[in-house]
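J.:
Chains as they are written, first to last, in my numbering: chain Y, 185 to 586; chain C, 280 to 942.
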């Protein structure tokens with residue numbers, strides 16, 4: 185009897201240990217624990233200045249905290265470390281801030297530039313934390329010599345402590361590679377390179393997309409992976425092998441699908457792409473990110489139905505999230521209805537799909553989803569049509585790690 | 280920390296001018312000068328809140344209409360920096376394009392740019408500026424959703440006068456003007472030529488884009504913030520007719536918000552306007568009518584060939600021409616001794632031609648609009664003319680079309696038709712108490728720019744609906760005084776409800792006008808004035824505005840809830856002194872009211888000396904040299920530059936000196 189009880193006690197303790205939550209700090213301003221997500225929202229003025237705000241959402245507790253900090257840029261990228269630090273990349277003004285996740289108080293801020301390449305023009309796009317205090321940041325506003333910057337949390341006043349050159353493509357006439365997303369695997373850092381040139385007020389993509397390979401031991405680009413599509417936008421591991429990724433290319437978003445964009449399977453170690461699994465034509469829209477749930481389910485936000493204005497020019501029309509099967513390369517169905525704009529589609533650690541939706545030109549259009557954060561099970565079924573209202577357009581999201 | 284040597288030099292120079300004698304002057308009539316600010320509420324006519332401001336006092340500090348009306352009750356200005364910068368006006372919480380701008384009662388067309396930049400409206404050639412805050416007369420048009428600003432041009436004076444002024448000020452401010460006013464055998468002439476300019480190179484606190492890291496903060500100097508503006512005005516008037524020619528040309532830098540490394544050093548904006556207007560009055564017995572015509576040409580040219588961080592994304596060199604022709608007729612007829620009727624008819628044609636000089640093939644299409652209106656108003660005076668009631672109605676219509684590129688085919692025209700009207704009442708209850716009330720319905724039709732875009736920065740929205748609004752106010756004026764002292768207090772409660780509010784919203788890489796729903800404004804204005812003899816006058820203005828988006832929205836961004844303006848003048852000829860204070864409440868920067876520009880208090884002083892034909896004026900703005908404020912950010916506060924709503928830094932202490940000669 186006693187043995188059975190002790191076994192039960194031990195089993196209970198083991199179960200409790202497996203699901204042990206992080207101790208909740210005394211002064212949590214946002215959220216904490218299971219399902220805690222930080223969401224930034226953005227408000228833009230007609231001249232594209234604006235305000236960004238940090239909010240917190242915790243679906244497990246039905247908790248929403250709005251307007252925690254309104255000092256961030258309207259365009260941000262987010263990350264939360266395992267030791268509960270929130271990193272906010274302010275893309276407009278060019279800085280990286282580290283917050284204490286519980287208090288949401290700024291601990292340090294690092295300018296993403298130096299005198300040679302000012303942070304205010306650098307447009308930092310994405311970040312990757314090495315774990316030793318070094319943070320790699322893609323600087324989409326800089327030239328090739330200053331395309332990727334390394335920040336050091338131990339030297340917040342130094343700005344960028346090291347630049348990594350990403351040679352521009354021969355077809356890219358402005359000499360700027362527009363380094364975008366970052367992905368790390370086996371001591372290498374992979375950088376998607378957009379390679380566009382601004383002609384008039386349009387972005388022109390003249391050549392096939394590339395992924396730059398950075399050897400982290402040397403902090404140097406050691407090669408490129410050529411893609412089938414143009415303008416690589418997002419990538420994610422397809423399974424447990426981090427070298428096997430699915431890469432999304434967008435080509436020119438404000439145009440009809442034409443086979444120059446889609447989803448392709450890439451072997452990073454072999455530095456090869458196997459070509460399109462699904463083209464933009466097959467997806468009936470231009471994809472611009474991917475979130476993989478399993479070998480048979482991924483979510484792909486797409487822009488589609490570009491509209492021709494009265495002046496004969498084409499503008500973005502609508503966006504939606506597709507549920508898509510990586511194994512078959514075919515769409516499962518629409519995870520969301522039509523939206524004016526769509527900032528992100530991410531799968532949280534709580535196995536829920538989070539989609540940030542805005543409106544094109546700030547106005548809800550007939551037949552399109554209202555502005556807000558849409559959350560639902562990441563099982564391929566459509567999301568609920570009632571959003572969480574955060575007061576402004578959701579722009580980025582990050583999840584607290586268990 | 281900030282450069283004060285220029286201020287010191289200016290003060291020394293100004294003191295020296297007091298002892299310089301330059302020319303002979305005919306003695307002026309010995310009459311007390313009119314106060315600089317006075318309300319016309321107690322004048323016959325206005326049954327709503329209106330402020331009339333003398334525009335004839337030259338000052339290097341007062342470059343434009345924007346500078347003159349700053350701080351007046353109900354008025355809030357939003358500027359992109361210092362002297363001469365783009366300035367839009369909000370009256371009682373309105374949007375800038377809801378305020379009608381008129382010249383001698385005729386509307387100034389918005390065909391060129393959509394929003395009229397008040398910094399372009401020179402004071403040279405103006406007699407006074409009227410701010411109609413409540414329910415303007417139906418003659419002013421149906422579009423005065425937020426109110427109206429009427430620029431009254433000078434007429435030839437009975438006593439010939441030659442006037443000249445020259446001035447200089449901080450940050451390279453400079454001004455010069457020359458004018459003549461006179462009349463002969465019933466023909467009055469007024470001529471003015473003026474120049475204003477500034478380097479605008481003030482220093483400001485630069486966070487370098489990192490709010491929480493002060494290690495890279497610095498004091499930067501504003502660059503590419505200069506402007507030069509020349510204006511010419513001429514008015515010829517006889518008893519029954521008037522002809523005026525008014526024009527200006529302005530070239531200015533567009534510096535952007537000015538963060539270190541992201542300054543706009545070369546982008547420029549050039550604007551010009553030429554206005555020819557005239558009118559003819561006729562009378563037959565008790566009936567009278569007036570016919571006026573207006574020809575207006577404008578050109579806006581923006582050049583940012585290097586794609587600097589100002590304006591829309593990317594390089595652009597573009598301009599737009601606009602031509603407007605208007606014809607207005609008014610007829611008045613009495614109906615007994617205490618009543619008269621007014622009938623009006625307006626017709627105006629607007630044309631706009633945008634050009635993209637970098638990519639001519641992408642130039643927007645030309646557009647055209649015809650605007651017509653008919654209206655009628657009845658005014659009745661009761662109780663021995665102590666009570667005045669007016670009721671008026673207007674019907675306005677627009678016909679707008681765009682000339683599309685041939686490849687895309689013709690586009691059906693856009694038409695709108697809308698009735699508007701107003702009812703007002705005024706009662707002079709006693710010698711010291713007047714009451715007034717007004718309510719009106721207004722319609723603002725989308726401008727050509729809002730309907731058809733410009734091919735680059737503004738997206739077309741042909742289905743845009745007109746804004747409609749109901750506005751009203753209720754007020755009282757108490758005034759009392761004797762030959763030694765006088766005081767008055769005006770209090771006004773106002774409200775405005777707007778449907779289908781049109782605002783510009785960012786869309787892609789351009790701005791898109793949109794009907795965002797309903798909004799409402801409620802508020803209070805208080806104005807107190809006092810004078811003691813000729814030697815002391817004081818004015819206090821307070822405005823409270825609660826402006827909200829409906830349903831259930833927060834405060835509409837860019838409008839302070841509370842605004843206070845205080846001024847006191849001491850005169851003991853030949854000297855005069857003044858002190859002024861301005862308080863502006865926080866400005867929310869987003870509809871969720873999460874971020875705001877902190878409240879600010881600015882002080883100013885001035886002094887003048889008059890000796891016969893000579894007047895010297897010295898003025899100091901931002902006396903306390905406020906340049907850095909504490910901005911709430913997250914859980915703390917951080918140092919931040921003093922900025923206006925658009926996040927453009929504002930200058931610190933500035934000194935201006937002006938020398939005025941009148942013959």
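Beta carbons are placed, not taken as given, at the ideal position from N, Cα and C, and that holds for glycine.
Spell out whether any CB of chain C is found under 8 Å from the CB atom of residue 176 (chain Y).
T.: Beyond the ends of chain Y as shown, which are 185 and 586, falls residue 176 (chain Y); an answer cannot be given.
J.: Measure from the alpha carbon of residue 627 (chain C) to the alpha carbon of each residue in C:749, C:574, C:840 and C:867, then state which is nearest.
T.: Numbered from its first residue, the second chain carries residue 627 (chain C) at position 348. Cα-wise, what sits closest to residue 627 (chain C) is C:574.
J.: Between residue 329 (chain Y) and chain C, is any beta-carbon pair separated by less than 8 Å?
T.: In the first chain, counting from the first residue as 1, residue 329 (chain Y) sits at position 145. With 8 Å as the cut-off, residue 329 (chain Y) does not count as an interface residue toward chain C.
J.: Going by other Cβ atoms of all chains shown within 10 Å of its Cβ, with 16 needed for buried, is residue 208 (chain Y) buried or exposed?
T.: Residue 208 (chain Y) sits at position 24 when you count from the first residue of the first chain. Counting every other CB atom within 10 Å of its CB across the protein chains shown gives residue 208 (chain Y) a total below 16, marking it as exposed.
J.: Mind listing, in chain order, the continuous beta strand (DSSP E) runs of no fewer than 3 residues lying wholly within the region 506-554 of chain Y?
T.: 514-518, 525-531 and 536-542
J.: Using only CA atoms, which one of Y:372, Y:409 and Y:388 lies nearest to residue 399 (chain Y)?
T.: Residue numbering aside, residue 399 (chain Y) sits at position 215 when the first chain is read from its first letter. Minimum Cα distance to residue 399 (chain Y) is reached at Y:372.
J.: In the DSSP assignment, the beta strand (DSSP E) including residue 488 (chain Y) goes from what residue to what residue?
T.: Residue numbering aside, residue 488 (chain Y) sits at position 304 when the first chain is read from its first letter. Start and end: 481-488.
J.: Check the Cβ of residue 871 (chain C) against every Cβ in chain Y and list those closer than 9 Å, keeping chain order.
T.: Taking the first residue of the second chain as position 1, residue 871 (chain C) is located at position 592. By Cβ distance, chain Y contributes 225, 227, 235, 237, 250, 251, 254, 574, 575 and 576.
J.: Buried or exposed: where does residue 679 (chain C) fall if 16 or more other Cβ atoms within 10 Å of its Cβ makes it buried?
T.: Here residue 679 (chain C) is taken as the residue at index 400 of the second chain, counted from 1. The residue in question, residue 679 (chain C), is buried, as its Cβ has 16 or more Cβ neighbours within 10 Å.
J.: Nearest CA to the CA of residue 234 (chain Y): which residue from C:766, C:536 and C:800?
T.: Counting from 1 along the first chain, the entry for residue 234 (chain Y) is found at position 50. It is C:536 whose Cα lies nearest to the Cα of residue 234 (chain Y).
J.: Name, please, each residue of chain Y whose Cβ falls closer than 7 Å to the Cβ of residue 579 (chain C).
T.: Walking along the second chain from the start, residue 579 (chain C) turns up at place 300. Going along chain Y, no residue has its Cβ under 7 Å from residue 579 (chain C), so there is no contact; the nearest lies around 16 Å.
J.: Exposed or buried, residue 433 (chain C), counting other C-beta atoms within 10 Å across all chains shown (16 or more means buried)?
T.: One-based indexing of the second chain puts residue 433 (chain C) at position 154. When all chains shown are included, residue 433 (chain C) counts as buried.
J.: So residue 937 (chain C) and residue 339 (chain C) are supposed to be a Cβ contact under 8 Å. How far apart are they, rounded?
T.: Within the second chain, numbered from 1, the residue matching residue 937 (chain C) stands at position 658. Within the second chain, numbered from 1, the residue matching residue 339 (chain C) stands at position 60. So it is a contact: roughly 5 Å between Cβ atoms.
J.: Going along the chain, which residues of its own chain have a beta-carbon closer than 8 Å to the beta-carbon of residue 392 (chain Y), five neighbours each way excluded?
T.: Numbered from its first residue, the first chain carries residue 392 (chain Y) at position 208. If we look at residue 392 (chain Y) and ignore the five residues flanking it on each side, its Cβ neighbours are 410, 411, 412, 413 and 414.
J.: Run through chain C and tell me which residues come within less than 7 Å of residue 340 (chain Y), C-beta to C-beta.
T.: Mapped onto the first chain, residue 340 (chain Y) falls at position 156. Per Cβ cutoff of 7 Å: 492.
J.: What is the DSSP secondary structure of residue 311 (chain Y), reduced to helix, strand or coil?
T.: In the first chain, residue 311 (chain Y) corresponds to position 127, counting from 1. Strand.
J.: From this set, C:605, C:723, C:553 and C:548, which residue's C-alpha is nearest residue 782 (chain C)'s C-alpha?
T.: Taking the second chain and counting its residues from 1, one reaches residue 782 (chain C) at position 503. Distances from the alpha-carbon of residue 782 (chain C) to those of C:605, C:723, C:553 and C:548 put C:723 closest.
J.: Enumerated in chain order, which unbroken segments of the beta strand (DSSP E) with a length of 3 residues or greater are wholly contained in the region 363-400 of chain C?
T.: 366-370 and 378-382
J.: In chain order, what residues of the region 922-936 of chain C put their CB closer than 8 Å to some CB of chain Y?
T.: 925 and 926
J.: Cβ of residue 868 (chain C) within 8 Å of Cβ of residue 857 (chain C)?
T.: Taking the second chain and counting its residues from 1, the one referred to as residue 868 (chain C) is at position 589. Taking the second chain and counting its residues from 1, the one referred to as residue 857 (chain C) is at position 578. Cβ atoms of residue 868 (chain C) and residue 857 (chain C): not closer than 8 Å.
J.: Answer yes or no: does any C-beta atom of chain C fall closer than 8 Å to that of residue 279 (chain Y)?
T.: Position 95 of the first chain, counting from 1, holds the residue named residue 279 (chain Y). Yes, residue 279 (chain Y) counts as interfacial toward chain C.
J.: Quick one: which unbroken alpha helix (DSSP H) runs of 4-plus residues sit fully inside the region 559-607 of chain C? Chain order, please.
T.: none
J.: Let's test the definition: count the other Cβ atoms within 10 Å of the Cβ of residue 884 (chain C) and tell me whether it reaches 16, buried, or not, exposed.
T.: Stepping through the second chain from its first residue, residue 884 (chain C) is reached at position 605. By the 10 Å Cβ count, residue 884 (chain C) comes out exposed.
J.: 8 Å is my cut-off, CB to CB: does residue 536 (chain C) come that close to chain Y?
T.: Locating residue 536 (chain C) in the second chain gives position 257, where the first residue counts as 1. Residue 536 (chain C) counts as touching chain Y.
J.: What does residue 290 (chain Y) reach in chain C if we use C-beta pairs closer than 7 Å?
T.: As a position in the first chain, residue 290 (chain Y) is number 106, starting the count at 1. Those are 491 and 913, listed as they occur along chain C.
J.: Nearest CA to the CA of residue 291 (chain Y): which residue from Y:297, Y:431, Y:299 and Y:282?
T.: For the purposes of this step, residue 291 (chain Y) is taken as the residue at position 107 of the first chain. Ranking Y:297, Y:431, Y:299 and Y:282 by Cα distance to residue 291 (chain Y) puts Y:282 first.
J.: For residue 228 (chain Y), tell me which candidate among Y:575, Y:583, Y:450 and Y:584 has the shortest Cα-Cα distance.
T.: Translated into positions along the first chain, residue 228 (chain Y) becomes position 44. Ranking the options by Cα distance to residue 228 (chain Y), first place goes to Y:575.
J.: Assuming contact is defined by CB atoms lying nearer than 8 Å, are residue 829 (chain C) and residue 802 (chain C) in contact in what I supplied?
T.: Against the second chain, residue 829 (chain C) aligns to sequence position 550. Against the second chain, residue 802 (chain C) aligns to sequence position 523. Their beta carbons are not under 8 Å apart, which means residue 829 (chain C) does not touch residue 802 (chain C) by this criterion.
J.: Only counting the same chain, and skipping five residues up and downstream in sequence, which positions put a Cβ closer than 8 Å to that of residue 571 (chain Y)?
T.: Your numbering for residue 571 (chain Y) matches position 387 in the first chain. These residues qualify, in order along the chain: 541, 553, 554, 555, 556, 557 and 558.
J.: Three or more C-beta pairs closer than 8 Å, one from the region 358-370 of chain C and one from the region 925-932 of chain C: is that the case here?
T.: yes
J.: In chain C, which residues lie with their C-beta within 8 Å of the C-beta of residue 261 (chain Y)?
T.: Here residue 261 (chain Y) is taken as the residue at index 77 of the first chain, counted from 1. None at all; the shortest Cβ gap to chain C is about 16 Å.
J.: Anyone know if the C-beta pair for residue 386 (chain C) and residue 425 (chain C) falls short of 8 Å?
T.: One-based indexing of the second chain puts residue 386 (chain C) at position 107. One-based indexing of the second chain puts residue 425 (chain C) at position 146. Not closer than 8 Å, so no.
J.: Let me know if residue 890 (chain C) comes out buried or exposed under the rule of 16 or more other beta-carbons within 10 Å of its beta-carbon.
T.: Indexing the second chain from 1 puts residue 890 (chain C) at position 611. Burial call: exposed.
J.: I need the DSSP call for residue 729 (chain C), collapsed to helix, strand or coil.
T.: For the purposes of this step, residue 729 (chain C) is taken as the residue at position 450 of the second chain. If DSSP states are grouped into helix, strand and coil, residue 729 (chain C) belongs with the helices.
J.: Since residue 538 (chain C) and residue 488 (chain C) are thought to touch, with beta carbons under 8 Å apart, how far apart are those beta carbons, to the nearest angstrom?
T.: Along the second chain, read from residue 1 onward, the residue named residue 538 (chain C) stands at position 259. Along the second chain, read from residue 1 onward, the residue named residue 488 (chain C) stands at position 209. Confirmed, about 5 Å.
J.: For residue 868 (chain C), return the contacting residues in chain Y, with the cut-off set at a CB-CB distance below 9 Å.
T.: Reading the second chain from its first residue, position 589 is the one you call residue 868 (chain C). Here the neighbours are 227, 229, 233, 234, 235 and 254.
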